[in-house]
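The structure appears right after this line, and notes come after that.
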Amino acid sequence: MTATANPMRPYLGRLVGIRDLATGIKLFQIELTEPEGQATVAAYKPGQFAFVSAIGAGEAPFGIASGRGPHLEFAISALGHVTHTFHALEVGDPVGVRGPLGNWFPMDEIKGRDIVILGGGIGGAPLRPVIHAILDNRADYGHVAILWAARSPDLLVFTDE
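If you're matching positions, the sequence shown starts at 1298 in my numbering and goes up one per residue.
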């Protein structure tokens, strides 16, 4: 992370993509528009989270569902005021992002090992970057088993992947 990137400062971004994942769950793709914010995206590690704000409605913490490229992705279930506000947003709308924060999965430490990934519903979203990291460097890891569940089939996320 550069000296000017501060994960505790909210950075301005905009929605560049929205897609339905499951019943009441959408994937929001956010592009940070400030150079310092873009530096925080570059510092992201699989397993971290960020506070995401719907301007005027508040902020909430979400596991980062992807940090590939210049964007961050968040799977958001419409459950409360902030999340319902997110579900009403459209591509191009401004949002705020504070992060990445928290611990991450030690991808370098598990190289060469067999891996079992257990994920469920919306809570599995932060595991998606772990799966991406393994697939991007497949030769570095042993056998991989992924077990994915949800309360009901209509709540399974990332089934197209």
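In this text, a Cβ means the ideal position worked out from N, Cα and C, and glycines have one as well.
Quiz item: How big is the Cα-Cα spacing for P1358 and D1411?
Solution: 31 Å
Quiz item: Cα-Cα, which of T1456, A1442, S1363, L1453 is closest to W1401?
Solution: Of T1456, A1442, S1363, L1453, the residue nearest in Cα terms is S1363.
Quiz item: Roughly how many angstroms lie between the CA atoms of E1454 and L1318, to the nearest whole one?
Solution: Checking the sequence shown, residue 1454 turns out to be Val, not Glu. Near 5 Å, if we compare the C-alpha coordinates of L1318 and V1454.
Quiz item: Can you list, in chain order, the stretches of the alpha helix (DSSP H) that have 4 or more residues and sit fully within the region 1369-1393?
Solution: 1378-1385
Quiz item: According to the Cβ coordinates, are A1442 and V1413 closer than 8 Å?
Solution: yes
Quiz item: Taking the alpha-carbon positions, what's the V1392 to A1436 distance?
Solution: 38 Å
Exercise. Please classify V1427: is it buried, with 16 or more other beta-carbons within 10 angstroms of its beta-carbon, or exposed?
Key: buried
Quiz prompt | Where the beta strand (DSSP E) through R1316 begins and ends | solution = 1308-1319
Exercise. Return helix, strand or coil for R1395, following the three-state DSSP convention.
Key: strand
Quiz item: Is it buried or exposed for S1449, if we count other Cβ within 10 angstroms and need 16 for buried?
Solution: exposed
Quiz prompt | Spatial neighbours of V1313 in its chain, beta-carbon cut-off 6 Å, leaving aside the 5 residues before and after | solution = Closer than 6 Å at the Cβ level, and outside the excluded window around V1313, lie Q1326, E1328.
Quiz item: First and last residue of the alpha helix (DSSP H) that includes E1458?
Solution: Premise fails: E1458 is in no alpha helix (DSSP H) and is neither H nor E.
Quiz item: Apart from the five residues just before and just after P1423, which ones in its own chain have a Cβ nearer than 6 Å to its Cβ?
Solution: G1344, G1360
Practice problem: Check whether the region 1372-1381 touches the region 1332-1339, counting contact only when three or more Cβ pairs, one atom from each stretch, lie closer than 8 Å. | Solution: no
Quiz item: Cα separation between V1388 and I1315?
Solution: Distance between the alpha carbons of V1388 and I1315 is about 7 Å.
Self-check item: Distance between beta carbons of A1347 and P1397, contact taken as under 8 Å
Solution: 5 Å
Self-check item: Distance, E1370 Cα to V1349 Cα
Solution: 11 Å
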